[in-house]
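Chains E and H supply the protein sequences, listed in that same order.
Counting from 133, one number per residue, gives the positions in the first sequence under this note's numbering.
Counting from 133, one number per residue, gives the positions in the second sequence under this note's numbering.
All C-beta atoms, glycine included, are put in the ideal place defined by N, C-alpha and C.
Take a look at the structure set out below.
2 protein chains.
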Amino acid sequence: MEFVIIGGDAAGMSAASRAKRHQPELGVTVFEKTQDVSYSACGMPYNIADPDRSMEDLVVRRAQVFREKQGIDLHTGHTVTKIDPVRHKVSGTDDTGKAFEKAYDKLLIATGASAVVPDIPGKHLPGVFVLKNLEDGRKIKEWIAGASVKKAVIVGMGYIALEMTEALRARRIAVEMVKPRPVFLPWMAPELAQQVRKTVQDQGVLLHLGKSLTRIEAAAPGLRVLSQDGALETDMVLVAVGVAPNSRLAEEAGLELGPKGAVAVDDHLITSDPDILAAGDCADAFHIVTGKRVYIPLALRANRAGWAAADNVCGKETALPGIAGTAVFKVFDLEVARTGLNEKEARDAGFDPVSVTIRSRSRAHAHPGAATLWVHMVGDRGSGRLLGVQMVGREGAAHRIDAPAVALSARMTVADFYQCDLAYAPPFSPVWDPLLTAANQLLKVLS
Amino acid sequence: MEFVIIGGDAAGMSAASRAKRHQPELGVTVFEKTQDVSYSACGMPYNIADPDRSMEDLVVRRAQVFREKQGIDLHTGHTVTKIDPVRHKVSGTDDTGKAFEKAYDKLLIATGASAVVPDIPGKHLPGVFVLKNLEDGRKIKEWIAGASVKKAVIVGMGYIALEMTEALRARRIAVEMVKPRPVFLPWMAPELAQQVRKTVQDQGVLLHLGKSLTRIEAAAPGLRVLSQDGALETDMVLVAVGVAPNSRLAEEAGLELGPKGAVAVDDHLITSDPDILAAGDCADAFHIVTGKRVYIPLALRANRAGWAAADNVCGKETALPGIAGTAVFKVFDLEVARTGLNEKEARDAGFDPVSVTIRSRSRAHAHPGAATLWVHMVGDRGSGRLLGVQMVGREGAAHRIDAPAVALSARMTVADFYQCDLAYAPPFSPVWDPLLTAANQLLKVLS
């Protein structure tokens, strides 16, 4: 049997490795259009922050290892341009311009996502970057090392934009951030978003909300970024306004698409064609709270889906219940975390959400070094179910979010969650953990 | 109606405050034998570590506030010596020797626990301490400030002993630890216990396992601690071998006792007498994994049980499902955490436990500053249920333990837990959280 995989990053290489482990005799072929496979993309901002580290540090396993030690037929620099579901065949072109084709019994689409770039004049000028794959990271790092970069404009204020703001500030580069919509972190409860905003501004970062870029021009030296009401001079531009699934191949092959144009998959990662699976940032997932399809491309899901796809291809049936949208990021000295739904998402999904926002402490009464920990918690008035949690604080947010993430998987009510026996010791929390305090407050509103 | 409470610490004062909030017209009387109410006992080691902080910082709310602002009839220095369940009356003696008595409609026993002190000659010598209540803490702090304490012997190696070791080392006091049993942290998986042991020894602390104290003598200056095979010279001795519930009053009143002699209560905190409740370190609890009675006296349960007792007295019915035995402590730069059962406890409870111990990292591949994170996970072969987790690491153990604690409440299987959408970002964990890696390994052993 031939198992062919398009894309050699997290989902693709996880699937390839796992399939070979399950069935060493299985033919496993991977086509990857870049030269890079299996690297920690999420680590790029932290790598860029440190001039002494090589971007190659982020490579987890080299192509050679996959080929020689694992027996995977891995082709880098090979771009698949067509899937033929009827003849069970993929075809494409390699970096030398040579055409190739390959028949499959089972096909995994793991083409990932691409950074979205607004279609404005100047978007291809030198000094304008996105950050999605390792080559993007190398280019940014070389630009900073080569040019005398004193200032950067970041388009977008999502988590990659914020992580990159921290990275560039660590390189002593002044940063201005621009976004077209008026609200900072719109998915977040306002009091929590305000903490993040203040932290960013306290680092001297200028935020321009409600500004759409109209064009980017070469200046002498550097670049000029123009919006409807003015111009910013800068040495580089990073566009970080989000990603879109690389689903064109799937769409052209007639496969069903889900939210945001991602490849629609069932809980076995199987697309609308029973011999084609999809996993990673190109595919959708079920949300464990709503049961509905969502597109939330994150690393754990990509790895998990790669494994599960391989399991299913190898006859070791694996169903994935779905994701909770758990996400965490660091921005300067703040930990920012979320899981589940916010109020708007809950309302859109048909719940009757109520929420509370509380301000607690990261350590016990009178324990030195305590920081404020903000918790926002959403529950459903009808069923009492816990629907989502957000947290922001200098410490104690990142790992704490795992507790409500588990509660969402278990479909716990807020009352159930409130009864959980969470850990307490003075250096780590108040006696009543901030999550329990939030649950207690939410129970009062729910009842 | 008269609600009388014996004991004015966490459980007692939580109950008193909550009862008054529910029913301002309710007569609420508290008898506390010491002068201290409502303080953070768990904070004492950290307070002792810092000569510039006053022990009074740990007081959360003063007696006067309970009396004047909350209308609680609070009597400090009042020791209850008898409960008469037939006549619904308690009686005792105050610090001046005057007798008192008080009739109750509902009685809450919140007498706490006492430090266990082995019955050896010299146990009452000046310089020999326990650490249970605030007065104990004050005495230790005064002794350190007054005497020229260069060395301490700590009897016991549990979490209070370890926290105090850190505190005394912070005061530049040499520490030797002694315990009669041969195994260091016997409840912990050996590889994890070894990490804690190494950390303690790396701080220059000498450990004497398998040594029983036979007597303590006054030396000139200081003290001499004698065991079967030698003597240790020291300036102070701290006995921290565990606590026992203060259940004598309850026993003499004919109430049923549970494990370790704690007052047996149902899930409404009601004892074998329907008008007498018990809460806090004097009472037992149900373990949510086994469903059986256990005695695990910890602060969150005490506070929670105090509230629930008040709810039930005030007709606002509240049932507590039980505890998971979640506990966390810090020892030097290590976080040590547990929830649920270890293998032996699981076997004793009738499960067929299997376990894995894994060594993972606290941060992502190539992220600077990562530390080793050890995870030990126990599951039941028959049902696949998750039974318990232990973790040790320089970072990432303390709050992460809340995730399996929630999973235990939800009676999740290891397979369910493995599917949870835990948080990932490079500064906070590998893509596969160490808990998921442990679950994955355990699944292989379970299947």
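Suppose you measure from the CA of residue i to the CA of residue j; what does that come to, to the nearest Å?
| i | j | result |
| --- | --- | --- |
| K152/H | F461/H | 33 angstroms |
| F261/H | L567/E | 36 angstroms |
| L364/H | R356/H | 6 angstroms |
| L430/H | A417/H | 11 angstroms |
| A325/H | P318/H | 8 angstroms |
| H207/H | S494/H | 49 angstroms |
| A306/E | G362/E | 18 angstroms |
| M544/E | D565/H | 22 angstroms |
| G278/H | P183/H | 12 angstroms |
| Q327/E | A456/E | 24 angstroms |
| K424/H | T458/H | 16 angstroms |
| P439/H | R301/H | The sequence given here places Trp at residue 439/H; Pro does not occur at that position. Their backbone Cα atoms lie some 37 angstroms apart in a straight line. |
| G482/H | W275/H | 48 angstroms |
| G516/E | V488/E | 14 angstroms |
| V218/H | L401/H | 20 angstroms |
| A147/H | T422/H | 27 angstroms |
| G337/H | T504/H | Note that residue 337/H is Val in the sequence shown here, rather than Gly. Distance between the alpha carbons of V337/H and T504/H is about 22 angstroms. |
| I137/H | L574/E | 29 angstroms |
Hey, is residue i's beta-carbon within less than 8 angstroms of any beta-carbon in chain C?
| i | result |
| --- | --- |
| L578/E | Here the protein chains are E and H, and chain C is not one of them. |
Provide the residue(s) that pair with residue i in DSSP beta bridges, ordered along the chain.
| i | result |
| --- | --- |
| Q167/E | Paired residue(s): none; Q167/E is not in a bridge. |
| V580/E | No answer is possible for residue 580/E: it lies beyond the span of chain E, which begins at 133 and ends at 579. |
| D226/H | H210/H |
| D216/E | K221/E |
| H508/H | T489/H, Q522/H |
| D205/H | T161/H |
| G438/E | BP columns for G438/E are empty, so no partner. |
| L409/E | L240/E, I402/E |
| T545/H | R517/H |
| F461/E | V468/E |
| L540/E | DSSP lists no partner for L540/E. |
| F418/H | R425/H |
| L345/H | S359/H |
| S580/H | This structure cannot settle anything about residue 580/H, because the visible part of chain H is limited to 133 through 579. |
Which two residues bound the contiguous beta strand (DSSP E) that contains residue i?
| i | result |
| --- | --- |
| S359/H | 355-359 |
| I252/E | I252/E -> no beta strand (DSSP E), and no H or E assigned at all. |
| F135/H | 134-138 |
| K234/E | 231-235 |
Can you pull the chain H residues whose beta carbon is under 7 angstroms from the beta carbon of residue i, in chain order?
| i | result |
| --- | --- |
| L466/E | Near L466/E there are no residues of chain H at all, since even the closest Cβ is about 11 angstroms away, more than 7 angstroms. |
| H499/E | G175, Y178 |
| L519/E | The premise fails here: L519/E is roughly 14 angstroms from chain H at the closest Cβ pair, so nothing lies under 7 angstroms. |
| D141/E | What D141/E touches in chain H: nothing, since even the nearest Cβ is about 12 angstroms away. |
First and last residue of the alpha helix (DSSP H) that includes residue i?
| i | result |
| --- | --- |
| R532/H | Where R532/H is concerned, there is no enclosing alpha helix (DSSP H), given that its DSSP letter is neither H nor E. |
| E323/H | 322-334 |
| L381/H | 380-384 |
| T569/H | 566-578 |
| R153/H | 142-154 |
| L341/H | Segment 338-341 is the beta strand (DSSP E) holding L341/H; no alpha helix (DSSP H) there. |
| A478/H | 475-480 |
| A299/E | 291-302 |
Run down chain E in chain order and give the residues with a C-beta less than 7 angstroms from the C-beta of residue i.
| i | result |
| --- | --- |
| N435/H | V563, W564 |
| D528/H | Residue 528/H is actually Gly in this sequence, not Asp. The contacting residues are H531. |
| K271/H | Chain E residues near K271/H: none, gap ~19 angstroms exceeds 7 angstroms. |
Taking Cβ-Cβ distances shorter than 9 angstroms, what residues in chain H pair up with residue i?
| i | result |
| --- | --- |
| T108/E | Given that chain E is displayed from residue 133 to residue 579, the structure contains no residue 108/E and the question cannot be resolved. |
| L294/E | Those within 9 angstroms of L294/E in chain H number zero; the least Cβ separation is about 11 angstroms. |
Using the beta-carbon of each residue, which ones in chain E are nearer than 9 angstroms to residue i?
| i | result |
| --- | --- |
| V192/H | H497, A498 |
| L341/H | The premise fails here: L341/H is roughly 24 angstroms from chain E at the closest Cβ pair, so nothing lies under 9 angstroms. |
Given that residue i touches chain H, what residues does it touch there, using C-beta distances under 8 angstroms?
| i | result |
| --- | --- |
| F418/E | What F418/E touches in chain H: nothing, since even the nearest Cβ is about 11 angstroms away. |
| P453/E | Q551 |
| D548/E | S541, A542 |
In chain E, which residues lie with their C-beta within 8 angstroms of the C-beta of residue i?
| i | result |
| --- | --- |
| M544/H | V538, S541, A542 |
| K462/H | A557, P559, F560 |
Interfacial residues, the stretch 159-185 of chain E to chain H, with Cβ spacing under 7 angstroms: S172, C174, G175, Y178
Chain-ordered residues of the stretch 143-160 of chain H with a beta carbon less than 8 angstroms from chain E: Answer set for the stretch 143-160 of chain H: empty.
Cβ-based contacts, 9 angstroms cut-off: residues of the stretch 388-400 of chain E near chain H: none
Cβ-based contacts, 9 angstroms cut-off: residues of the stretch 402-428 of chain E near chain H: I420
Contact list for the stretch 215-240 of chain E against chain H, Cβ threshold 7 angstroms: none
Chain H contacts made by the stretch 315-340 of chain E, where a contact means CB separation under 8 angstroms: none
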